[in-house]
Structure formats: structure tokens, C-alpha cells
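K.L.:
Pasting a structure below so you can have a look.
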Amino acid sequence: MRKAAANIVAGKGDPEDLAHEIYWQACYSGMPELRAVGDRFFEPYAGWGATNDQAEEAVAAMKAAAQSFLRDHPADDPTP
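Reminder that position 34 of the sequence shown reads as 614 in this note's numbering, one-by-one numbering, no gaps.
Here it is as C-alpha cells:
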């Protein structure tokens with residue numbers, strides 16, 4: 581999840597795919613405390629296709645969520 585978040589922040593890869601990866605991993609990790617992480621990425625990811633005219637805003641929201649995730653879950657944190 582940290583790698584995908586770092587790639588979103590760095591502008592590497594497709595932000596929609598990366599946000600979906602984080603959402604999926606958080607929701608199916610078996611760690612209930614990560615559900616909130618998944619929810620942070622769900623709205624920008626889910627809204628991407630429905631609001632193509634707002635793609636820049638969706639990417640900005642994904643980057644903000646990724647930065648927040650990385651800040652809240654540093655590399656020495658056992659979170660994936």
C-alpha cells in the first residue's frame with residue numbers, strides 16, 4: 581500500500597489503478613483498522629469514471645489521500 585501511495589504522489593503509474601489497489605488491499609487485509617484507509621481512496625477512485633471532466637480534481641484528491649496515508653503510516657509501521 582505504501583508503494584502504491586508513493587507512486588501516486590510521484591506521479592508514477594495510473595493513479596486510478598493505484599488508488600483501487602490501495603482500496604482493495606485495505607478492505608481485504610483482514611485488518612479492520614485499515615478500512616478507513618480504503619475509504620479515503622474509494623471516493624476519488626469511484627468518482628473517476630463518472631466525472632471525467634473532473635479528472636484533475638480526482639488525481640489531486642488521490643495525491644492528498646496518498647500523502648496523508650504515507651504520513652500516518654511511515655515505513656517502520658507494520659501496515660502493508
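Backbone N, C-alpha and C define an ideal beta-carbon position, used for all residues, glycine too. All values derive from a computational prediction rather than experimental measurement.
(1) Under the three-state reduction of DSSP, which class applies to Lys583: helix, strand or coil?
(2) Just the C-alpha distance for Ala606 and Lys583, rounded to the nearest angstrom, thanks.
(3) Give the secondary structure of Met611 by DSSP, where H, G and I count as helix, E and B as strand, and everything else as coil.
(4) Are the CB atoms of Pro624 and Ala635 nearer to each other than 8 Å?
(5) Is DSSP giving Lys643 helix, strand or coil here?
(6) Go ahead and pull the three-state DSSP assignment for His653.
P.N.:
Put simply:
(1) helix
(2) 13 Å
(3) coil
(4) no
(5) In the three-state scheme derived from DSSP, where H, G and I count as helix and E and B as strand, Lys643 is classed as helix.
(6) coil
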